[in-house]
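So the sequence lines, in the order shown, correspond to chains A and B.
With our numbering, the residue at position 219 of the first sequence is 219, and numbering never jumps.
With our numbering, the residue at position 270 of the second sequence is 565, and numbering never jumps.
What follows is a set of notes on a single structure, which appears directly below.
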Amino acid sequence: MVENKKKKFRTQTILNIIMILFTIACIYPILLMISVSITDSDAIYEYGYSIIPRNINFLAYEYIFKNPSSLISGYLVTIIVSFLGGAFSLIVTAMIAYPLSRPDYKYRRPVNFIVFFTMLFNGGMVPTYMVVTNVLGLKDNIFALILPYAAMAWNILLLRSFFNGVPNDIIEAARIDGAGEIHTFVKIVLPLSKPGLASVGFLIVLRYWNDWWLSMLYITDTSKQSMQYKLYTLMKGIEELAKDASVSGSMSVIDFPSESARMAMAFLSIAPLLVLFPFFQKYLVKGITLGAVKG
Amino acid sequence: MKYVKPNKKSHRARVDRKKTRTLTLLTLPALILLLLFNYLPIFGLAYAFKDYRYDKGFWGSDWVGFENFEFFFQSSDAFTVTRNTILYNVIFIASTLIGAVIFAVILNEITSRKAVKFYQNVMFFPYFLSYAVVAFIVYAFLNVDYGVLNSLLGEKVNWYAEQQYWPFIIPLVNFWKNVGYNTIVIYASLIGIDSSYYEAAAVDGATRFQVIRHVMLPLLRPMVIMLGLIMVGKIFYGDFGLFYMVPQNAGILYPVTDVIDTYVYRCLRALGDVGMSTAVGLYQSVVGFILVVIANKITKKYSEESALF
Chain A
1 MVENKKKKFR
11 TQTILNIIMI
21 LFTIACIYPI
31 LLMISVSITD
41 SDAIYEYGYS
51 IIPRNINFLA
61 YEYIFKNPSS
71 LISGYLVTII
81 VSFLGGAFSL
91 IVTAMIAYPL
101 SRPDYKYRRP
111 VNFIVFFTML
121 FNGGMVPTYM
131 VVTNVLGLKD
141 NIFALILPYA
151 AMAWNILLLR
161 SFFNGVPNDI
171 IEAARIDGAG
181 EIHTFVKIVL
191 PLSKPGLASV
201 GFLIVLRYWN
211 DWWLSMLYIT
221 DTSKQSMQYK
231 LYTLMKGIEE
241 LAKDASVSGS
251 MSVIDFPSES
261 ARMAMAFLSI
271 APLLVLFPFF
281 QKYLVKGITL
291 GAVKG
Chain B
296 MKYVKPNKKS
306 HRARVDRKKT
316 RTLTLLTLPA
326 LILLLLFNYL
336 PIFGLAYAFK
346 DYRYDKGFWG
356 SDWVGFENFE
366 FFFQSSDAFT
376 VTRNTILYNV
386 IFIASTLIGA
396 VIFAVILNEI
406 TSRKAVKFYQ
416 NVMFFPYFLS
426 YAVVAFIVYA
436 FLNVDYGVLN
446 SLLGEKVNWY
456 AEQQYWPFII
466 PLVNFWKNVG
476 YNTIVIYASL
486 IGIDSSYYEA
496 AAVDGATRFQ
506 VIRHVMLPLL
516 RPMVIMLGLI
526 MVGKIFYGDF
536 GLFYMVPQNA
546 GILYPVTDVI
556 DTYVYRCLRA
566 LGDVGMSTAV
576 GLYQSVVGFI
586 LVVIANKITK
596 KYSEESALF
């Protein structure tokens, strides 16, 4: 008995150690990023990047915030796209997901097929590019950052399976009470599907928040590019940021802490996510699993 | 007793029609978006068979048959990008699924709920980072002068210029980013396993390893196959960022980092060749479609419930 307990304890310890190593591997790079962003330039030049910051200072952040034009515009674009676009996308997604969840909707099968087929086959990058720029004329238009992702098959099917979870009896009861379809949808089905809306909504916002692809393809005007794309362009041209800073006269180019500024920018681009993340955590796990089961 | 309207049938029909109309109205905005951004481009595939010129436009450009395809398949790039696309994805799918199953089983064996919750919350964080951010993280490791890896090795390896390392770096980055997410999905179906299976195994005196091998793994199979199927579906719409941003689009690395997606993008951007880049994209879409259909057929044969359609 004692022997058994000992063995159990040993197994548990080993398993936990494996998982702890794994979790460290997951967050170490992010901590590294934060650490580098607050390390003094001279320390970086001498010792390289390190997880433990040496000679901590916030110079990189000072530079970025002193002359924030490029950062602010990227942030602004991303915030508008993520929240306005996200709200629009969630509404459109919910509107089509609801009829698809109703077994008694006459055109359920054809509509379902139209949605699902887009997951299997599409025109690809170039024809889509031509449609967006030539047919719709959305080049350098902020709508080019919103509309292409507004109706995604995966989100529609995911939300549909959440709506499927609303008991049919409730919908029937509403009908007998004389409620119209829209009323049933808005007043009964939506409130009952809050976890589903939260989970799909977060996925939608996240997609917009992380997007650089649409900016790369459709936006040449730098004041309309999303933050993530700006971040990528900064990877190579961190000096741009230095020039911004020197133009404003606050600091000289030579002093510019380019190494830490790079990482500071990267951190700033995910910081809002880090704040939002815990609130959506529990919905996410639920959403992910439901999506995978019924996808 | 219910009150029965004399013209019950026609009234019912009217109500039904109204319902159908309302529900259809709800689907319209999304359908229009799908039409514009998913279906309209399918017609645009005609570019693949045209010698597209900006001054002549879509309708005015000349038809050239399969010339664009010939041009692509006669180049050595066709083989390189196809090989890279397929090999990388085979590695991605195998490594992610195997890793996720192992981690999910370990999570399931751990008795402390609190610990499990913590691991779960941390491990899918990488999945939610964009490749722009991941590129920075990789850079922090691989930078020649200050990178963590070079400090550790005490050498000055120029990672972004050495081809031989990237076939390992790319799958590693993919694994890091995706394994946590997949672990959680598999773990969720693992805790969904009916406890009577375990009880039956306990009655038979099965050891823990036997339970894992003969109870858990077989029951996980449908889920794992389905996740694999979804990944197959994504093969030909690869993670552009992983192949473009993470290696920083370094030309010297193309032989080992270039996939069909990045090739098409460069073809469009650098050469401005709409015809050929569409042709390559069409090749990608068609092969992707065939792969999914075949994989789905095979799946159906072995495990009906995990098939996608």
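The beta carbon of each residue, even a glycine, is placed where N, CA and C say it ideally should be.
Because the structure is a prediction, the values reported are computed rather than measured.
Worksheet item: What's the C-alpha gap between P148(A) and G583(B)?
Response: Your numbering for residue 148(A) matches position 148 in the first sequence. Your numbering for residue 583(B) matches position 288 in the second sequence. So the two alpha carbons sit approximately 21 Å from each other.
Practice prompt. Report yes if the C-beta distance between E362(B) and D346(B) is below 9 Å; otherwise report no.
Written response: For this step, residue 362(B) is matched to residue 67 along the second sequence. For this step, residue 346(B) is matched to residue 51 along the second sequence. The answer is yes: Cβ separation under 9 Å.
Worksheet item: Run through DSSP, which three-state label would K345(B) get?
Response: As a first step, residue 345(B) is located in the second sequence; it is residue number 50 there, counting from the start. Here K345(B) sits in strand by DSSP.
Worksheet entry | N-terminal and C-terminal residue of the alpha helix (DSSP H) that E62(A) is part of | As a position in the first sequence, residue 62(A) is number 62, starting the count at 1. Element bounds for E62(A): 59-66.
Item to complete: Pick helix, strand or coil for D534(B), following the three-state DSSP scheme.
Response: Locating residue 534(B) in the second sequence gives position 239, counting from the first residue. D534(B): coil per DSSP, three-state reduction.
Item to complete: Name, going along the chain, the residues of the stretch 337-362 of chain B whose beta-carbon falls closer than 7 Å to a beta-carbon of chain A.
Response: I337, G339, L340, Y342
Worksheet item: Residues bridged to D42(A) by DSSP?
Response: Working through the first sequence from its first residue, we reach residue 42(A) at position 42. D42(A) is not bridged to any residue.
Worksheet entry | Near-chain A residues of the stretch 568-585 of chain B (beta-carbon distance less than 7 Å), N- to C-terminal order | V569, S572, T573, G576, L577, Q579, S580, F584
Worksheet item: Between the stretch 457-473 of chain B and the stretch 541-557 of chain B, do at least 3 Cβ pairs fall closer than 8 Å?
Response: yes
Worksheet item: Using 9 Å as the limit for Cβ to Cβ distance, is F413(B) near chain A?
Response: Counted from its first residue, the second sequence places residue 413(B) at position 118. Yes, F413(B) counts as interfacial toward chain A.
Discussion item. Please give the ranges of any alpha helix (DSSP H) in the stretch 362-421 of chain B, keeping only runs that are unbroken, at least 4 residues long and fully inside the region.
Written reply: 362-369, 372-404, 408-418
Item to complete: Count the C-beta pairs between the stretch 555-567 of chain B and the stretch 467-480 of chain B that are closer than 8 Å, then say yes if the count reaches three, no if not.
Response: no
Worksheet item: Are V135(A) and L335(B) touching if we call contact CB-CB under 9 Å?
Response: For the purposes of this step, residue 135(A) is taken as residue 135 along the first sequence, with counting starting at 1. For the purposes of this step, residue 335(B) is taken as residue 40 along the second sequence, with counting starting at 1. In this structure, L335(B) lies closer than 9 Å to V135(A) by Cβ.
Fill in: chain A contact for F604(B) (CB, 9 Å cutoff)
As a position in the second sequence, residue 604(B) is number 309, starting the count at 1. It does: the Cβ of F604(B) has a partner Cβ on chain A nearer than 9 Å.
Item to complete: Please list the residues of the stretch 536-560 of chain B that have a C-beta atom closer than 8 Å to any C-beta atom in chain A, keeping them in chain order.
Response: G536, M540, Q543, D556, V559, Y560
Worksheet item: Among T573(B), Q369(B), A430(B), S371(B), which has the Cα closest to the Cα of L537(B)?
Response: Here residue 537(B) is taken as the residue at index 242 of the second sequence, counted from 1. Cα-wise, what sits closest to L537(B) is A430(B).
Worksheet item: For L32(A) and chain B, any beta-carbon pair shorter than 9 Å?
Response: For this step, residue 32(A) is matched to residue 32 along the first sequence. Yes, its Cβ sits closer than 9 Å to a Cβ of chain B.
Fill in: Exposure label - S260(A); buried when at least 16 CB within 10 Å
As a first step, residue 260(A) is located in the first sequence; it is residue number 260 there, counting from the start. Label assigned to S260(A): buried.
Worksheet entry | Residues, ordered as in the chain, of the stretch 81-112 of chain A that lie near chain B by beta-carbon distance below 7 Å | V92, T93, M95, I96, Y98, P99, R102, Y105, K106, Y107, V111
Fill in: chain A contact for P324(B) (CB, 9 Å cutoff)
Position 29 of the second sequence holds residue 324(B). Yes, P324(B) counts as interfacial toward chain A.
Worksheet item: W358(B) bridges to which residues according to DSSP?
Response: Along the second sequence, one-based indexing puts residue 358(B) at 63. In DSSP, W358(B) forms a bridge with K345(B).
Worksheet item: With a Cβ-Cβ cutoff of 9 Å, do F332(B) and V131(A) count as a contact?
Response: Counted from its first residue, the second sequence places residue 332(B) at position 37. Counted from its first residue, the first sequence places residue 131(A) at position 131. Contact: yes.
Discussion item. Taking its Cβ as the centre, do 16 or more other Cβ atoms sit within 10 Å of A399(B), making it buried, or is it exposed?
Written reply: Numbered from 1 along the second sequence, position 104 holds the residue referred to as residue 399(B). Buried is the call here.
Item to complete: Can you tell me which of I176(A), P103(A), V92(A) puts its alpha carbon nearest to the alpha carbon of A150(A)?
Response: Counting from one through the first sequence, the residue named residue 150(A) turns up at place 150. Of I176(A), P103(A), V92(A), the residue nearest in Cα terms is V92(A).
Worksheet item: Which first and last residues belong to the alpha helix (DSSP H) in which A25(A) is found?
Response: Taking the first residue of the first sequence as 1, we reach residue 25(A) at position 25. Its alpha helix (DSSP H) spans residues 2-37.
Fill in: Below-9 Å beta-carbon distance, A60(A) vs any chain B residue
Position 60 of the first sequence, counted from the start, is the residue given in the question as residue 60(A). For A60(A), the answer is no, since every Cβ of chain B falls outside 9 Å of its Cβ.
Worksheet item: Within 9 Å (strictly less), CB to CB, does I188(A) reach chain B?
Response: Here residue 188(A) corresponds to residue number 188 of the first sequence, with the count starting at 1. No, I188(A) does not count as interfacial toward chain B.
Worksheet item: Can you find a C-beta in chain B that's less than 9 Å from the C-beta of T11(A)?
Response: What you label residue 11(A) is simply residue 11 of the first sequence in a count that begins at 1. Chain B contact via Cβ: present.
Fill in: Sub-9 Å separation of A497(B) and H509(B) beta-carbons
Position 202 of the second sequence, counting from 1, holds the residue named residue 497(B). Position 214 of the second sequence, counting from 1, holds the residue named residue 509(B). Going by C-beta atoms, A497(B) is not nearer than 9 Å to H509(B).
Discussion item. Quick check on Y441(B): does DSSP put it in helix, strand or coil?
Written reply: The residue you call residue 441(B) lines up with position 146 of the second sequence. In this structure, Y441(B) counts as coil in the three-state DSSP scheme.
Fill in: Stretch pair the stretch 473-486 of chain B + the stretch 405-425 of chain B: three plus CB contacts closer than 8 Å
yes
Worksheet item: Got a sec? Which residues, its chain only, sit under 8 Å from F88(A) by beta carbon, not counting five neighbours each side?
Response: Within the first sequence, residue 88(A) is the residue found at index 88, counting from 1. Taken in chain order, the residues that qualify are I146, A150.
Practice prompt. Please confirm if L333(B) has its CB atom under 9 Å from at least one CB of chain A.
Written response: Residue numbering aside, residue 333(B) sits at position 38 when the second sequence is read from its first letter. According to the sequence as given, residue 333(B) is Asn; it is not Leu. Yes - at least one Cβ of chain A is within 9 Å of the one on N333(B).
Worksheet item: Looking at the structure shown, is R561(B) part of a helix, part of a strand, or coil, going by DSSP?
Response: On the second sequence, position 266 is the one that residue 561(B) refers to. The answer is helix: DSSP assigns R561(B) an H, G or I state.
Worksheet entry | DSSP three-state assignment for G295(A), whether helix, strand or coil | Within the first sequence, the letter at position 295 stands for residue 295(A). Annotation note: pLDDT 40 at G295(A) (below 50); position unreliable, coordinate value reported separately. The answer is coil: DSSP assigns G295(A) none of H, G, I, E or B.
Practice prompt. In angstroms with no decimal places, state the Cα-to-Cα distance between L203(A) and L159(A).
Written response: Counted from its first residue, the first sequence places residue 203(A) at position 203. Counted from its first residue, the first sequence places residue 159(A) at position 159. Their backbone Cα atoms lie some 11 Å apart in a straight line.
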